[in-house]
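Counting in our numbering, the sequence shown runs from 3 upward without gaps. Take a look at the structure set out below.
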Amino acid sequence: MAELMRNPNSMEKAQEEVRRVVGDKAEVDEDDVKQMSYLNCVIKETLRLHPPAPLLPRETTSAVKLRGYDIPAKTRVMLNAWAIQRDPELWERPDEFLPDRFEKKDVDFNGQDLYIPFGGGRRGCPGITFGITVAEYALANLLYWLDWKLPKTDGTVQGIDMNERYGITVNKKVPLLLQPIPFS
3 MAELMRNPNS MEKAQEEVRR VVGDKAEVDE DDVKQMSYLN CVIKETLRLH
53 PPAPLLPRET TSAVKLRGYD IPAKTRVMLN AWAIQRDPEL WERPDEFLPD
103 RFEKKDVDFN GQDLYIPFGG GRRGCPGITF GITVAEYALA NLLYWLDWKL
153 PKTDGTVQGI DMNERYGITV NKKVPLLLQP IPFS
């Protein structure tokens, strides 16, 4: 939601898609969410910029030489998913929220395409499908039923602090505070 609030064109495009697909029905259902390609792009782009687990622990199975460094077998290494997914050699305009980058590109959540918000390979998160489905369904409902605005404090609209708090997972340092407006 924070990235959508910072990027009103993306918010408008996502809400338009959700409301068009759902129409006048009383609820968003699973079949609706499957038709929301732009919403899926928003989720992918959010996970690219803000991977839930930015450091992925691994252990080498054999000795290897990498960029002039000798790494012995059984060495624990940390893959920096956050840096890989913001690498300007891999991603055009890597620090910008651009969901459209995924529209014509089928990006694999299992670590292909250097897109690894859930890890990759056989050590990847077993809950990828469930996590993506829950995120899509929750976001679709938030965008279908409500419009959103930043609240005012002393008559001034507050900005969005995108600083992150690091731990086992990454969260926003300052929680996002939004004012919901029922959509009719």
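For each residue, glycine too, the CB sits at the ideal point set by N, CA and C.
- Within the model, the alpha-carbon separation for D163 versus V176 is close to 6 Å.
- Going by beta carbons, L100 and E47 fall inside the 9 Å limit.
- With fewer than 16 other beta carbons inside 10 angstroms of its own, D97 counts as exposed.
- Per DSSP, the beta-bridge partners of V172 are Y168.
- In this structure, A55 sits away from V159, with a CB-CB distance that is not shorter than 9 Å.
- By the beta-carbon neighbour count (other beta carbons within 10 angstroms, threshold 16), D34 is buried.
- A distance below 6 Å between beta-carbons, with the five flanking residues on each side excluded, links E105 to the following residues of its chain, in chain order: C43.
- Counting along the chain, no beta strand (DSSP E) covers V30, and no H or E run does either.
- Here S39 is not near E14, since their CB atoms are 9 Å or more apart.
- Look at M7 here: in three-state DSSP terms it is helix.
- Annotated three-state conformation of D149 is strand, per DSSP.
- Between A28 and L178, the C-beta spacing is not below 9 Å.
- In the three-state scheme derived from DSSP, where H, G and I count as helix and E and B as strand, G123 is classed as helix.
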